[in-house]
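Below is one structure, written out as structure tokens, with a few remarks after it.
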Amino acid sequence: LVEKKQAKLVLIADDVDPLELVMWLPALCHKMEVPYAIVSGKARLGALVHQKTATCVCLTGVNPEDEAALASLKDSFTVKYAENKKWGGHIMGLKTQRKMEIRAAAIAAEKAKKAAL
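Per the numbering used here: the sequence shown = residues 12 to 128.
What follows is the structure, given as structure tokens:
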């Protein structure tokens, strides 16, 4: 539903085990511009859908009288989760930065050696 952009809101439980079940979901929601929130307790989400537990819940249809409440929830979740995160930034890790420094120093030394000849 998120991939088809049919989801209006996605709620993800914070105590999912194993975490790999839902750890990709915030990135997908961010990519597809679907608002999401991380809530405490998969039992609370399960109670919402009349199940024992639920790892995530996706809202697709909302009654017209509840549209205003959903819009305010979307706005607050967008500010808290989607707009507050930095995605990427193209900064390499410390080990890779060190390797690049060593490689650049080796190239500079080789150029200096060739220039001296």
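Idealized CB from N, CA, C, for every residue including glycine.
Please return the same chain residues whose Cβ sits closer than 7 Å to the Cβ of residue i, not counting the five positions on each side in sequence.
i          : result
residue 84 : 20
residue 43 : 13, 14, 16
Return the chain-ordered list of same chain residues with a C-beta closer than 8 Å to the C-beta of residue i, the five sequence neighbours on each side being excluded.
i          : result
residue 52 : 24, 25, 26
residue 81 : 19, 20, 70, 73
Return the bridge partner residues of residue i from the DSSP annotation.
i          : result
residue 48 : 22
How many Å lie between residue i and residue j at the Cα?
i           : j           : result
residue 50  : residue 102 : 30 Å
residue 54  : residue 61  : 10 Å
residue 112 : residue 125 : 20 Å
Between residue i and residue j, which are expected to be in contact by the criterion C-beta below 8 Å, what is the C-beta distance as a whole number of angstroms?
i          : j          : result
residue 22 : residue 67 : 6 Å
Can you list, in chain order, the stretches of the alpha helix (DSSP H) that have 4 or more residues and sit fully within the segment 50 to 128? 53 to 59, 78 to 88, 105 to 127
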